[in-house]
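Per our numbering, the very first residue in the sequence shown carries number 262; after that it's consecutive. For every residue, glycine included, the Cβ atom is placed at its ideal position computed from N, Cα and C. Worksheet: one structure, shown below.
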Amino acid sequence: MSNKKSLWGPFISFFYVLLVPILIASILMSRVGSMTTHVPGYPGVARLTSNCHILRNAEYFGAGQLDGPDDFVYDNKSGVIYTSVKDGWIKKAYISKLKNSKIRFQNWVNTGGIPLGLARGLNNELIVADAHKVN
Numbered sequence: 262m263s264n265k266k267s268l269w270g271p272f273i274s275f276f277y278v279l280l281v282p283i284l285i286a287s288i289l290m291s292r293v294g295s296m297t298t299h300v301p302g303y304p305g306v307a308r309l310t311s312n313c314h315i316l317r318n319a320e321y322f323g324a325g326q327l328d329g330p331d332d333f334v335y336d337n338k339s340g341v342i343y344t345s346v347k348d349g350w351i352k353k354a355y356i357s358k359l360k361n362s363k364i365r366f367q368n369w370v371n372t373g374g375i376p377l378g379l380a381r382g383l384n385n386e387l388i389v390a391d392a393h394k395v396n
């Protein structure tokens, strides 16, 4: 046997390091694509078709009423939902218990920036993560 190095070593390493992950990713992505469908009336929006029973009783929140919603927080004491939108407003949504009633949104606070995240603090205060604030 000679001391020449085999060319198969680098090829096999290349195969495992690069080609196997690409193959696995392409199989997974093709599977995810087959589990989504277009949402009528909402161009560019897709929903998962598998496990749809999980969201069977879910409703759209603010569809057609909010311009670029990012996050929401529910205040169970007052029954109000706070939502942030891309124009800088944090809006209050009053939820009615009546079936098929429209949700009313009220401008509450304008942050002067782009509020991306909302959370409730320990003392029930509203905490806002703002992307940038325009002075």
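Which residue marks the beginning of the beta strand (DSSP E) containing residue i, and which one marks its end?
i           : result
residue 366 : 365-371
residue 333 : 330-336
residue 270 : Not the beta strand (DSSP E): residue 270 falls in the alpha helix (DSSP H), residues 269-275.
residue 327 : Element bounds for residue 327: n/a, residue is neither H nor E.
residue 379 : 374-381
Quick check on DSSP: helix, strand or coil for residue i?
i           : result
residue 356 : coil
residue 339 : coil
Quick check on residue i: buried or exposed, where buried means 16 or more other Cβ atoms within 10 Å of its Cβ?
i           : result
residue 279 : exposed
residue 327 : buried
residue 351 : buried
residue 286 : exposed
Nearest by alpha-carbon distance to residue i: which of the options is it?
i           : options       : result
residue 343 : 285, 381, 288 : 381
residue 392 : 376, 386, 334 : 376
residue 336 : 364, 385, 330 : 385
residue 371 : 341, 346, 363 : 346
residue 340 : 329, 331, 353 : 353
residue 356 : 321, 390, 271 : 321
Between residue i and residue j, how many whole angstroms is the CB-CB distance? I'm expecting something under 8 Å.
i           : j           : result
residue 373 : residue 349 : 6 Å
residue 323 : residue 366 : 7 Å
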